Each structure stands twice: as C-alpha cells, then as structure tokens.
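See below for the structure under consideration.
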Amino acid sequence: MSKLKNEILSMTALELGKAISLTEVGVREAVEATLAQIEEREADVHSYVTLDAENALRNADYIQKKIADKELTSPLAGVPVAIKDNMCTKGLLTTCSSRILGNFVPTYSSTAVERLEKAGAVIIGKTNMDEFAMGSTSETSAFGPTKNPWNTGHVPGGSSGGSAAAVAADECFFALGSDTGGSIRQPASYCGIVGIKPTYGTVSRYGLIAYGSSLDQIGPLAKNVSDCVAVLSEIIAHDEKDSTSVDYDITALKNALDGDVKGMKIGVPRDYFGEGLDPEVASAVKEVAKKLESAGAIVEEFDLSLVDYAIPTYYTIAAAEASSNLERFDGIKYGYRTKEFAGLHEMYKKTRSEGFGPEVKRRIMLGSFVLSSGYYDAYYLKALRVKALIKKAFDDAFARYDAILGPVAPTTAPKLGDSLSDPIKMYLGDIYTISVNLAGLPGISVPCGTDSKGLPIGVQLIGDCFKDDRIVRLAYAYEQMRGEFPTPKGGIE
Amino acid sequence: MKNIIDDATIEYVGILAKLNLTEEEAEQAKTDMGKMLDYIDKLGELDTSNVEPMSHAFKVQNVFREDEVTNGDDRENILKNAPEEKDGMFVVPKTF
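Those protein sequence lines, which keep their order, are chains A and B.
Using numbering that gives the first Met the number 0, the letters of the first sequence correspond one by one to residues 0 to 492.
Using numbering that gives the first Met the number 0, the letters of the second sequence correspond one by one to residues 0 to 95.
Dropping the structure here:
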C-alpha cells in the first residue's frame, strides 16, 4: 500500500475529492494514508495537539456511504482536514495550546468547522499554535513547538504553525487557521503553501476562541489557490450567531480561477521594500510582479505611507481586546483551576498565573494598562485614531489599484529559539501582514521561491474589502505561470 | 527607556489583569511594558486631533433577534468541564 499511500498524499484536496467521487480512492484509504503519514512525520514536526484517529476512521465509513448515496456532493467530501486548536469542536479537546484550557471539551462546534463537516470533510485532529494565537513562531504553545517540515531546525511560523506544517508535511490535505495579524499568511509563507485571510466578517467567528475580536478571521491553508477557494466556498456564509458576520456573494470568487489578469492594476508599495527586508525575499517577490505584468497586469510602484505605525497600533488594540476577551478564563466554568487558594480572588489570580504562559501574560498586562483610566485616551483611543488613518491610506490605494503586492514577512523562517528573547523584534516580523487586519482587508500568501537555505518565500497580495476575488484571480494566474512548487524534503540544518 | 514603570503601577495592572506575578516576573514585566510603551509612543508623531477613533474597519450595526431559546439542555456536558460541580451547579469558593 506504500506506493498507493504516497500517490494519495501527493494529491491536492480537490484532486482527492474528485478521486473519491469517482471511487478511485476510498475515504477510509485517504484517512488511513493520512494517519500513516502522521505516524511517520509527527515525531519530527509536531503539527498536532490532539489526534482524532478513531472518530476519523468511523466518520470515513459513514461519509463514504453518504457519497455513494449522492447525499454528499461537495468537492471536499471525504477529504481529511486539520483544525487549528482555537476552534471549538464538539466532543473533541480544544486547548488553544494553553495549560488553562488543557482539559476543555466543547459542547458545540464552531460554525466554520460545522460547515466543513456538513460538506463531508473528515476531521483528523487539532493543530498546534502559539498559545491563544499570540506569537509568530508557534513556540509559545504550552505543548512544545511545531517544527518546519522544510527544515526542522526552523520554526513553521505562527500562530497557525501547526496547520501550515500539517499541510506542508502531507499530514492533512488542507487546514483551517485563524489570522489576527498574519497568523495564516505568515506560516503559509514559511511552509511553502497557500493561505488566505478573507475579508473580515465573511467567515463566521462563532466558536473561534477570541483573541482580538475586531481583527480575528478564520481562513484556509492548503496546497494551492484552487483548494483554498474550494474551502472558502464551504465556510463563507452569513451566520446569525456572529453579529459581525456579513452576507457575501462568492460567485465572483468562484469565477476568479481563469488566469485572466489583463488590465488589472497592481500597486507595489515602495515602503514595503525598505530596511529590514531580506534581499532574497525582495527579489523573489519582485519577480512575481514582473510575471503578472507579462500576463497583462499593470504594475506600478507607489507610497502606501504609515507602514511604521501599523505595529504599535496593532499591539495596542490587540492587547486591549485580548485582556478583555481572556477575562473569561477564571477557573470557574471550564479549564484549569489552581489547587490551593484562600477565597475567590486568590483562586482567580493563582489559576490565571499558573494557566497562562509568559507571552499571554505580557499581552494581558499591556492591554489592561492601555485600557486603564488615565491611559485609555493616550494609548487605546490614540491607536483607534491611527487605525482610521491606516484604513484611509488603504482606501486611497484601492481607489487606484485592484491589489497591493508585497512580501509576507521580511525573512524566511527563523531558527527555532531565535525569536522569543526579544518580543519587539518578533513583533517587527509582522510589519507587512498586520495592517491588513487593522483595515479588515483580504490577503493571500502564495509560495514564490526558496532562499539559499532552501526555505520557502511567500508573496502577499492584499485586496480591498469584499474584493477577495481580485487577489485570488491574481494569485491563481501567478500560480499557473509559476508551475508546480517543490515539496519539503525534510531534514535538519 | 523613557517610560519607567514603577512597582505601584505593576501592582495595579496585576490587580486589573487578575495575575499574581513573582518578584522576578514583575521585574521583567516592568522592563517589557516600558519598552513596549516607548515603542507605542511613536504614534504620538501623528496628528490625530481631527480623526475619529475607528473601532471597526467598516460599518457594523446592531443586529437584533427575538430572545428565544434555540439550543437544548446540555447541562450535563457543560458541567463536565467545570473544575468542581455539585447538584447541577458550578462550585465557587466562598465570596465573603
């Protein structure tokens, strides 16, 4: 079966879905191939926090029957998927990679997960992440870091590092991640796969454990653009359980995969190519602009402005929202509770101090400070005002361009252990992704080369709100011109 | 570092954040927060006197619905997650 296993694993999600619908591959076979791959790779990569093998196999048979009965017709029916561990899954451990939720079993599923299940995708397990999605390397997980499948001496990025690594290592066919400041796009870039953060509000956040509610968005990580669009087609929908959910018509998105980019206008911000950007990344990204230009797109350099203000704005707002959102973890209704305490307040404080890791505490403290009376206006409101200016800068850009093209991150994946010692340095790595969340925009990361160390480089396309189809159109056209992207060989530097 | 965070501030923030910091953690928090605030002070370079604070990137409005129960009784499963429960209720420490 080993040849067959590799044959199955090399398929994209849509290819596998098609093969299943043609009964060339059985759903159980696909799940077994995935589980065998996990068995083989997990010790090195550690993508998963929780595996749900038994249920996956049971569901495989059930789904197979429903496909045979023509009850399930989604192109993703029978395809194994991994879910980031900050999305609630009914009856399946959901930890946010935190000690404080180490034993939490949700009584309901997040809407995005439920919609995938209804489409017949098979949940294989829950993927590792930075604790509460706070980090850019997946090293702040309470359960140990995930490693980059391209080179296990390097990080996979974060916070959806487990989801990205699982896709890259063929430990699933696609995954869901969440993106608050780059947490889908950056790990997708580091792991040589495609990741989309759709426009805020298009995918329901119901059941996504909140970090920064005004910034959080669920999206897909997959082997190519078409797979990502297939996933979005299942999970984008209005949901009355999320009051920020919008009704978004996905027709244009589905029609964006034809390679026609003639006359589309692309802006390349000069301020994205300044100091701090690795020259190898810069040249790979500029190559993408040239390719799209050769296909008939109009490429122009421009000044986006305010780029240096995005990170301080983001960390103020995200920390403020986090300090409020994470107040619910108090040792009463679920999760960890400290063993010894005198009275209610000591229980709260000890529970939280023992349950949260250092990065989460750092952000809760900062958030509590910027929201405290006397500092609220100077920090929090100031950040909300700058956010309005950043949004305006994007509005001006999108009055002229269909998309903005730039790098995803200043470098390729850093070495394990190199990032956490200096938080501000780590935060600076988010410079190209973070403003997208502040402005609610869609962004996509597509692999566009490897550096001299053999690590993948990603290009980012940013679109205007609800114009997700335009960046997908450009990304797909580029992907077709680029051809097959290599897959990780593994190994350690 | 321009922003010097004193012991009283860290203690106060600890109360707001409901976190007990060890002496070592408190020292680290003073440095980390000071550095971060120095960095955030960069926003002061921008004149925002005529800019309204923006909480959401595009217009959102209140969404109303009838207050009807749509989920079933799941008390047993919900309580399974509780650190301590008794007679169908969450047990909390004495509050007085």
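The C-beta atom is built at its ideal place from N, Cα and C for all residues, glycine as well.
Please read all numbers here as calculations on a predicted model, not as lab measurements.
To the nearest angstrom, how far is the alpha carbon of residue i from that of residue j?
i              : j              : result
residue 0(A)   : residue 38(B)  : Residue placement at residue 0(A) is poorly supported in this model, since its pLDDT is 45, which falls under 50; the coordinates still yield a value, given next. Near 56 Å, if we compare the C-alpha coordinates of residue 38(B) and residue 0(A).
residue 46(B)  : residue 63(B)  : 37 Å
residue 168(A) : residue 40(A)  : 7 Å
residue 414(A) : residue 150(A) : 9 Å
residue 411(A) : residue 347(A) : 40 Å
residue 63(A)  : residue 7(A)   : 16 Å
residue 102(A) : residue 208(A) : 15 Å
residue 337(A) : residue 344(A) : 12 Å
residue 468(A) : residue 29(B)  : 46 Å
residue 482(A) : residue 23(B)  : 53 Å
residue 83(B)  : residue 393(A) : 50 Å
residue 9(B)   : residue 25(B)  : 7 Å
If we cut at 7 Å on Cβ distances, does residue i have a partner in chain B?
i              : result
residue 464(A) : yes
residue 352(A) : yes
residue 332(A) : yes
residue 365(A) : yes
residue 220(A) : no
residue 368(A) : yes
residue 315(A) : yes
residue 336(A) : yes
residue 159(A) : no
residue 225(A) : no
residue 371(A) : yes
residue 213(A) : yes
Can you give me the start and stop residues for the alpha helix (DSSP H) that residue i sits inside?
i              : result
residue 293(A) : 278–293
residue 227(A) : 224–234
residue 359(A) : 357–370
residue 8(B)   : 6–16
residue 479(A) : 467–481
residue 347(A) : 343–354
Under 7 Å between C-beta atoms, does residue i make it to chain A?
i             : result
residue 80(B) : yes
residue 88(B) : no
residue 66(B) : no
residue 1(B)  : no
residue 73(B) : yes
residue 69(B) : no
residue 49(B) : no
Quick one: which chain B residues come within Cβ less than 8 Å of residue i?
i              : result
residue 390(A) : 53 and 56
residue 278(A) : Under the 8 Å cutoff, chain B gives no residues; its nearest Cβ is about 26 Å from residue 278(A).
residue 439(A) : 55, 56 and 57
residue 205(A) : Within chain B, no residue comes near residue 205(A); the closest Cβ sits about 12 Å away, beyond 8 Å.
Give a yes or no on whether the C-beta atoms belonging to residue i and residue j are separated by under 7 Å.
i              : j              : result
residue 434(A) : residue 470(A) : no
residue 385(A) : residue 36(B)  : no
residue 432(A) : residue 238(A) : no
residue 368(A) : residue 12(B)  : yes
residue 363(A) : residue 419(A) : no
residue 144(A) : residue 137(A) : yes
residue 460(A) : residue 474(A) : yes
residue 358(A) : residue 179(A) : no
residue 183(A) : residue 122(A) : no
residue 382(A) : residue 331(A) : no
residue 476(A) : residue 188(A) : no
residue 48(A)  : residue 86(A)  : no
residue 334(A) : residue 99(A)  : yes
residue 11(A)  : residue 254(A) : no
residue 235(A) : residue 201(A) : yes
residue 120(A) : residue 78(A)  : yes
Give the residues of chain B in contact with residue i, contact being defined as C-beta atoms less than 7 Å apart.
i              : result
residue 348(A) : 17, 18 and 19
residue 243(A) : 59
residue 386(A) : 53
residue 342(A) : 92 and 93
residue 322(A) : 16
residue 378(A) : 39
Who are the neighbours of residue i on chain B, taking C-beta pairs under 9 Å?
i              : result
residue 360(A) : 16, 18, 20, 24 and 28
residue 382(A) : 39, 42 and 52
residue 14(A)  : Within 9 Å Cβ-Cβ: nothing; residue 14(A) doesn't reach chain B, min ~36 Å.
residue 52(A)  : Chain B residues near residue 52(A): none, gap ~22 Å exceeds 9 Å.
residue 104(A) : 76, 79 and 80
Chain A partners of residue i, CB-CB under 8 Å?
i             : result
residue 41(B) : 307, 308 and 311
In chain A, which residues lie less than 9 Å from residue i when you measure between Cβ atoms?
i             : result
residue 34(B) : 422 and 423
residue 85(B) : Under the 9 Å cutoff, chain A gives no residues; its nearest Cβ is about 13 Å from residue 85(B).
Could you list which residues in chain A have their beta carbon closer than 7 Å to that of residue i, in chain order?
i             : result
residue 31(B) : 361 and 422
If you follow the beta strand (DSSP E) that residue i is in, where does it begin and where does it stop?
i             : result
residue 19(A) : Note, residue 19(A): premise wrong, no beta strand (DSSP E); alpha helix (DSSP H) at 12–20.
May I ask whether a heavy atom of the ligand NAP can be found less than 6 Å away from the beta carbon of residue i?
i             : result
residue 20(A) : Only the bare structure without any ligand can be found here, which leaves the ligand NAP out of the picture.
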